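Peer 1: Under our numbering, the first residue of the sequence shown carries the number 1, and numbering increases by one thereafter. Mind having a look at this structure? Questions to follow.
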Amino acid sequence: MQSEYLRKVIEETEAKNSYEKEFIQALKEVLSSIEPVIIQHEKEFRDSALLERLVEPERIVSFRVPWTDDKGQVQVNRGYRVQFNGAIGPYKGGLRFHPSVNQSIMKFLAFEQIFKNALTTRPIGGGKGGSDFDPKGKSDREIMSFCQSFMNELQKYIGHDLDVPAGDIGVGGREIGYLFGQYRKIRNTYEAGVLTGKGLEYGGSLARKEATGYGLMYFMREMLKANNISLEGKTAIISGSGNVAIYACEKAHQLGVKVIAMSDSTGCILDEKGIKLDVVKQIKEVQRGRIKEYLNFVPSAVYLENNGSIPAVYTLKADIVLPCATQNDINLEAAKLLTDKKIIAVGEGANMPCTNEAVAYFLEHKVLLAPGKAANAGGVATSALEMTQNSMRDAWTFEEVDRKLESIMINIFRQIQEAEKEYNLNRNYVAGANIAAFKKISAAMTAQGII
Ligand code: NDP
């Protein structure tokens with residue numbers, strides 16, 4: 001690393017937050033790749049402590065969430081909201097309900113979100129929130145009880161011009177509905193733009209549910225096109241079978257890609273004839289079951305249980321790999337295995353699904369890598385479109401929203417390509433995305449003074 005200033009900021013931030021390993025991982029990935037811009041403006045950034053301010057959240061709230069289960073027992077979880085950077089607009093980012101949630105994971109997600117949101121060209125800052133609550137196996141009433149208690153506290157910190165949460169792992173349409181209902185009751189106002197991912201009946205946007213997965217495939221198509229490769233006729237494997245995975249699969253099929261495998265946290269299904277998505281939707285969106293149940297509908301498919309350090313889905317062979325589950329899903333070992341199997345490209349539907357070592361390995365071996373903060377930005381971009389419709393008290397058609405989403409994804413890839421050309425990045429789209437976003441964020445922060 002050439003920049004003394006950059007090295008100092010990374011070292012100091014690591015020392016100060018040594019126990020937050022996911023946050024440090026995200027921070028190192030981003031900061032090390034924006035060095036060419038730092039070198040150009042080193043004195044200006046150092047004098048205004050721009051990087052020191054960038055890595056420190058504007059605000060973090062952490063709170064108690066008591067709720068009562070179906071047996072009448074009181075349970076207590078911990079809630080978070082990280083409002084990382086509001087230079088470009090109201091904080092925006094999803095809520096994650098998963099037992100692994102802690103401050104480090106919240107901070108990494110919120111930090112990534114600042115850059116992702118800048119790339120969308122919509123006026124939204126970066127935030128994230130959630131809880132260590134585990135929705136698996138809970139009844140609807142328990143989910144509602146938890147969501148209401150969570151919102152009792154969260155409502156103090158959000159608003160349509162302040163901070164606009166949405167869904168993420170464990171938070172889908174049902175949870176957003178309960179959260180919105182409680183916000184409306186407490187605040188006694190119909191503030192539709194305070195949450196996105198809402199139901200269509202009460203201010204949601206058509207195509208929001210599909211947006212992250214669809215956007216991922218639009219981005220993949222652009223990235224491959226720029227490298228003279230067509231998506232059509234390729235095979236793909238997808239990790240996860242949640243919101244992002246399902247709609248990535250849907251759009252992949254529409255674009256002529258055969259998806260042969262999908263997974264959940266226990267294992268994966270392999271269907272060489274092509275995944276039957278209506279079956280996956282029935283299992284995951286209706287029954288809230290396990291991916292293994294696919295075999296009840298398609299007996300010719302195969303189920304592979306996870307065992308060992310590489311999730312089973314990554315031991316399969318395909319042209320394109322779409323990690324759409326969770327962070328650090330693809331480690332160096334998995335990256336080596338996939339590269340040996342001659343994959344063409346990886347598209348990060350999830351946030352930080354590849355470890356930094358895996359990213360470096362893919363780049364070194366010329367595997368095209370679509371970084372999550374760009375490739376999965378379609379979800380938040382469409383959330384911003386939902387906010388626009390709420391402000392206008394209007395509702396656009398599916399086609400209208402989808403068209404806007406597609407043009408946003410094309411534009412995101414163009415911004416990255418411009419950075420790639422300007423800084424001679426040689427198809428390193430990870431650095432391209434970080435640089436393009438950082439230029440915008442640093443300009444907004446500089447313009448607003450030292451705050
Ligand atoms: P969902 O809750 O709908 O689905 C998550 C999927 O990932 C499930 O199949 C789940 O399996 C699997 N999964 C979760 N945790 C783990 C784990 N620790 N190990 C293995 N598999 C796991 O979430 P989303 O689809 O909304 O989110 C998926 C990813 O995409 C996340 O990284 C999220 O941050 C990111 N993302 C989501 C956006 C959105 O609009 N929803 C926008 C941009 C990014 P199981 O059921 O077994 O837990």
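All residues carry an ideal CB built from backbone N, CA and C; glycine is no exception. Since the model is a prediction, treat every value here as computed from it, not as a measurement.
Does the region 349-357 come close enough to the region 192-201 to have 3 or more Cβ pairs within less than 8 Å?
Peer 2: No, because fewer than three Cβ pairs between the region 349-357 and the region 192-201 fall closer than 8 Å, the two stretches do not touch.
Peer 1: Could you pull the start and end residues of the beta strand (DSSP E) that alanine 395 belongs to?
Peer 2: For this step, residue 395 is matched to residue 395 along the sequence shown. That residue, alanine 395, is in no beta strand (DSSP E); it is neither H nor E in DSSP.
Peer 1: Do you know offhand how far arginine 187's Cα is from arginine 288's?
Peer 2: If you number the sequence shown from 1, residue 187 lands on position 187. If you number the sequence shown from 1, residue 288 lands on position 288. Their backbone Cα atoms lie some 32 Å apart in a straight line.
Peer 1: On the CB-based measure, 16 or more other CB atoms within 10 Å of its CB, does asparagine 307 come out buried or exposed?
Peer 2: Translated into the one-based positions of the sequence shown, residue 307 becomes position 307. Counting Cβ neighbours within 10 Å, asparagine 307 comes out exposed, since fewer than 16 surround it.
Peer 1: Rounded to a whole number of angstroms, what is the C-alpha to C-alpha distance between glutamate 142 and isoleucine 60?
Peer 2: Mapped onto the sequence shown, residue 142 falls at position 142. Mapped onto the sequence shown, residue 60 falls at position 60. Approximately 26 Å between the Cα atoms of the pair.
Peer 1: So lysine 128 and methionine 106 are supposed to be a Cβ contact under 8 Å. How far apart are they, rounded?
Peer 2: The residue you call residue 128 lines up with position 128 of the sequence shown. The residue you call residue 106 lines up with position 106 of the sequence shown. Indeed, because the Cβ distance is near 5 Å, the residues count as touching under 8 Å.
Peer 1: Does the region 363-376 come close enough to the region 168-179 to have 3 or more Cβ pairs within less than 8 Å?
Peer 2: Touching, no.
Peer 1: What first and last residue would you give for the alpha helix (DSSP H) that runs through threonine 13?
Peer 2: The residue you call residue 13 lines up with position 13 of the sequence shown. 4-16 is the span of the alpha helix (DSSP H), which, as asked, contains threonine 13.
Peer 1: Going straight from the alpha carbon of aspartate 134 to that of valine 76, what length do you get?
Peer 2: Here the question's residue 134 lines up with position 134 in the sequence shown. Here the question's residue 76 lines up with position 76 in the sequence shown. If I take the Cα positions, the gap works out to 12 Å.
Peer 1: Of the residues Ile88, Arg221 and Glu58, which one's Cα is nearest the Cα of lysine 440?
Peer 2: Taking the first residue of the sequence shown as position 1, residue 440 is located at position 440. For lysine 440, the nearest C-alpha among the options comes from Ile88.
Peer 1: Ligand 3 and alanine 444: does the residue's C-beta get closer than 7 Å to at least one heavy atom of that ligand?
Peer 2: Ligands present in the displayed structure are limited to ligand 1, and ligand 3 is not among them.
Peer 1: Three or more beta-carbon pairs under 8 Å between the region 218-230 and the region 259-269, yes or no?
Peer 2: They do not touch, by the three-pair rule.
Peer 1: So, with DSSP's three-state summary, where would you put isoleucine 168?
Peer 2: The sequence position of residue 168 within the sequence shown is 168, counting from 1. Checking the displayed sequence, the identity of residue 168 turns out to be aspartate instead of isoleucine. Strand at aspartate 168.
Peer 1: Identify, in the order they occur along the chain, each residue of the same chain with its Cβ nearer than 7 Å to the Cβ of glutamate 20, setting aside the five sequence neighbours on each side.
Peer 2: Locating residue 20 in the sequence shown gives position 20, counting from the first residue. Correct list, in chain order: Gln103, Ser104 and Lys107.
Peer 1: From Arg414, Val164 and Ile291, pick the residue whose C-alpha is nearest to that of leucine 385; which is it?
Peer 2: What you label residue 385 is simply residue 385 of the sequence shown in a count that begins at 1. It is Val164.
Peer 1: Could you give the DSSP three-state label for phenylalanine 133: helix, strand or coil?
Peer 2: One-based indexing of the sequence shown puts residue 133 at position 133. Coil, per DSSP.
Peer 1: Can you tell me the Cα-Cα spacing of isoleucine 229 and lysine 341, whole angstroms?
Peer 2: Mapped onto the sequence shown, residue 229 falls at position 229. Mapped onto the sequence shown, residue 341 falls at position 341. Answer to the nearest angstrom: the Cα atoms are 18 Å apart.
Peer 1: Output needed for isoleucine 416: all residues of its chain with C-beta closer than 7 Å, excluding positions within five of it in sequence on either side, in chain order.
Peer 2: Locating residue 416 in the sequence shown gives position 416, counting from the first residue. Contacts found: Ala374, Tyr429, Gly432, Ala433 and Ala436.
Peer 1: Do the region 403-411 and the region 236-255 make contact, defined as three or more Cβ pairs closer than 8 Å?
Peer 2: No contact exists between the region 403-411 and the region 236-255.
Peer 1: Identify the residues that DSSP records as bridge partners of alanine 229: which are they?
Peer 2: Taking the sequence shown and counting its residues from 1, the one referred to as residue 229 is at position 229. Checking the displayed sequence, the identity of residue 229 turns out to be isoleucine instead of alanine. According to DSSP, isoleucine 229 bridges with nothing at all.
Peer 1: If you drop the 5 nearest sequence neighbours on each side, which residues of the same chain put their C-beta closer than 7 Å to that of serine 48?
Peer 2: The count along the sequence shown starts at 1 and reaches residue 48 at position 48. Answer for serine 48: Thr446 and Ile450, listed in chain order.
Peer 1: In the DSSP assignment, find the alpha helix (DSSP H) that holds proline 323 and state where it starts and stops.
Peer 2: Within the sequence shown, numbered from 1, the residue matching residue 323 stands at position 323. No alpha helix (DSSP H) contains proline 323, which is instead part of the beta strand (DSSP E) from 320-323.
Peer 1: Can you determine whether any heavy atom of ligand 1 sits closer than 7 Å to the C-beta of glycine 93, and answer yes or no?
Peer 2: For this step, residue 93 is matched to residue 93 along the sequence shown. The answer is no for glycine 93.
Peer 1: Say yes only if the C-beta of glutamine 327 is nearer than 7 Å to one or more non-hydrogen atoms of ligand 1, and no if none qualify.
Peer 2: Taking the sequence shown and counting its residues from 1, one reaches residue 327 at position 327. Result yes, Cβ under 7 Å from ligand 1.
Peer 1: Pair every Cβ in the region 199-208 with every Cβ in the region 277-293, then say whether three or more of these pairs are closer than 8 Å.
Peer 2: As far as the Cβ criterion goes, the region 199-208 does not touch the region 277-293, which means the pair count is below three.
Peer 1: Under 8 Å Cβ to Cβ from valine 346, same chain only, skipping five residues before and after it: list those, please.
Peer 2: Here residue 346 is taken as the residue at index 346 of the sequence shown, counted from 1. Counting only Cβ-Cβ distances below 8 Å, and skipping sequence neighbours, we find Ile320, Val321, Leu322, Pro323, Ile330, Leu338, Cys354, Phe362, Val367, Leu368, Leu369 and Ala370.
Peer 1: In the DSSP assignment, what are the bridge partners of glycine 94?
Peer 2: Translated into positions along the sequence shown, residue 94 becomes position 94. Bridge partners of glycine 94: Ala166.
Peer 1: Report back the beta-carbon spacing between leucine 31 and valine 9 to the nearest angstrom; my notes put them in contact at under 8 Å.
Peer 2: The residue given as residue 31 occupies position 31 in the sequence shown. The residue given as residue 9 occupies position 9 in the sequence shown. Leucine 31 to valine 9, Cβ: 7 Å. Contact.
Peer 1: Select from Lys185, Gly197 and Gly349 the residue whose C-alpha is nearest the C-alpha of isoleucine 238.
Peer 2: Numbered from 1 along the sequence shown, position 238 holds the residue referred to as residue 238. Ranking Lys185, Gly197 and Gly349 by Cα distance to isoleucine 238 puts Gly349 first.
Peer 1: Pick from Val401, Val82 and Lys209: whose alpha carbon is nearest that of serine 62?
Peer 2: Here residue 62 refers to the residue found at position 62 of the sequence shown. With distances taken between Cα atoms, serine 62 lies closest to Val82.
Peer 1: Cβ of isoleucine 24 within 7 Å of any heavy atom in ligand 1?
Peer 2: Position 24 of the sequence shown, counted from the first residue, corresponds to residue 24. No, ligand 1 has no heavy atom inside 7 Å of this Cβ.
Peer 1: If you draw a straight line from the C-alpha of tyrosine 91 to the C-alpha of serine 139, how long is it?
Peer 2: As a first step, residue 91 must be located in the sequence shown, where it is residue number 91. As a first step, residue 139 must be located in the sequence shown, where it is residue number 139. The alpha-carbon atoms of tyrosine 91 and serine 139 are separated by roughly 31 Å.
Peer 1: Enumerate in chain order the residues of its own chain whose CB-to-CB distance from leucine 270 is below 7 Å, with the five nearest sequence positions on each side excluded.
Peer 2: Position 270 of the sequence shown, counted from the start, is the residue given in the question as residue 270. The answer, listed in chain order, is Ile260, Ala261, Ala301, Val302, Leu304 and Leu316.
Peer 1: Helix, strand or coil for proline 36? Go by DSSP, reduced to three states.
Peer 2: Within the sequence shown, numbered from 1, the residue matching residue 36 stands at position 36. Here proline 36 sits in helix by DSSP.
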